[in-house]
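Its first residue numbered 2, the sequence shown is counted upward by one per residue in my numbering.
All C-beta atoms, glycine included, are put in the ideal place defined by N, C-alpha and C.
The structure displayed is predicted, hence computed values, not measured ones.
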Amino acid sequence: LAATRAPLIARIIDFKLKVMKKSVFAILSVAMLLAFTSARYTAPSDARVGSEAPELVLSEGSGSTLELQSYRGQYVLLTFWSSSDVDSRLSNLRYSRALCAGSKVRHVSMNFDSSEGVYHQTLVADCLPASSQYHCSDVKTREQVLRRWRQSADNLSSLLIAPDGRIASINPTLDELSVL
2 LAATRAPLIA RIIDFKLKVM KKSVFAILSV AMLLAFTSAR YTAPSDARVG SEAPELVLSE
62 GSGSTLELQS YRGQYVLLTF WSSSDVDSRL SNLRYSRALC AGSKVRHVSM NFDSSEGVYH
122 QTLVADCLPA SSQYHCSDVK TREQVLRRWR QSADNLSSLL IAPDGRIASI NPTLDELSVL
């Protein structure tokens with residue numbers, strides 16, 4: 002009886018080992034896939050303090066061009082906002098009013114409204130100076146800018162860029178800006 006059970010037990014053990022090998026392989030494959038993708042892709046709103054600010058060149062239909070690199074050597078507050086995102090719109094308004102012409106911080110504001118008409122109406126309603134406001138109307142350009150600057154259309158932020166071109170702060174307070 003023991004002699005007939007031995008081959009059966011050996012086959013059961015062999016089967017269990019094969020299943021375990023496949024399970025371990027599957028678990029390791031999933032773990033490596035997760036590790037690779039999480040290292041390669043970061044959350045859209047994960048702007049990093051201390052990192053070099055990406056290039057930004059934006060041409061508007063009105064003929065004005067924004068080149069962020071032209072402000073090298075100055076503090077720049079880059080505000081991303083949309084009329085539909087109340088927090089970003091209010092932040093843009095507060096920053097715009099706090100950073101008047103005599104400020105050492107240059108305010109550059111980028112709007113992501115899909116409608117240029119809504120953008121212009123918001124400028125008038127909020128009494129925003131058109132000289133510091135830029136509208137990104139092209140969908141493809143908008144997506145590229147949002148991705149490059151690690152912004153989420155649902156959670157736009159403001160970035161303080163130091164004179165050396167590095168991101169110094171995310172959503173700085175007015176007190177932080179006043180000491181510059």
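Distance CB(residue i)-CB(residue j) smaller than 8 Å
{"i": "L78", "j": "L161", "result": "yes"}
{"i": "Y96", "j": "S159", "result": "yes"}
{"i": "L69", "j": "E56", "result": "yes"}
{"i": "S110", "j": "Q145", "result": "no"}
{"i": "N112", "j": "S85", "result": "no"}
Inter-residue spacing [alpha-carbon to alpha-carbon] between residue i and residue j
{"i": "E117", "j": "V140", "result": "12 Å"}
{"i": "L147", "j": "K23", "result": "41 Å"}
{"i": "D114", "j": "V180", "result": "32 Å"}
{"i": "F16", "j": "R151", "result": "49 Å"}
{"i": "S92", "j": "Q122", "result": "17 Å"}
{"i": "S52", "j": "D88", "result": "25 Å"}
{"i": "V58", "j": "I168", "result": "17 Å"}
{"i": "D176", "j": "T142", "result": "33 Å"}
{"i": "A131", "j": "R149", "result": "24 Å"}
Spatially closest choice to residue i from the options, by CA coordinates
{"i": "Y72", "options": "N93, A54, S89, Q145", "result": "A54"}
{"i": "D155", "options": "L178, Q134, F81", "result": "F81"}
{"i": "S138", "options": "A126, L124, Y120", "result": "Y120"}
{"i": "L124", "options": "V58, I171, R149, R98", "result": "R98"}
{"i": "L178", "options": "G74, R49, R107, V50", "result": "R107"}
Collapsed DSSP secondary structure at residue i in the structure displayed
{"i": "S179", "result": "helix"}
{"i": "R107", "result": "strand"}
{"i": "Q122", "result": "helix"}
{"i": "N112", "result": "strand"}
{"i": "S153", "result": "strand"}
{"i": "L78", "result": "strand"}
{"i": "L160", "result": "strand"}
{"i": "V140", "result": "helix"}
{"i": "V58", "result": "strand"}
The beta strand (DSSP E) enclosing residue i, as first and last residue numbers
{"i": "L67", "result": "66 to 68"}
{"i": "A99", "result": "Taken as a continuous stretch (DSSP letters only), A99 belongs to no beta strand (DSSP E), being part of the alpha helix (DSSP H) at 87 to 99."}
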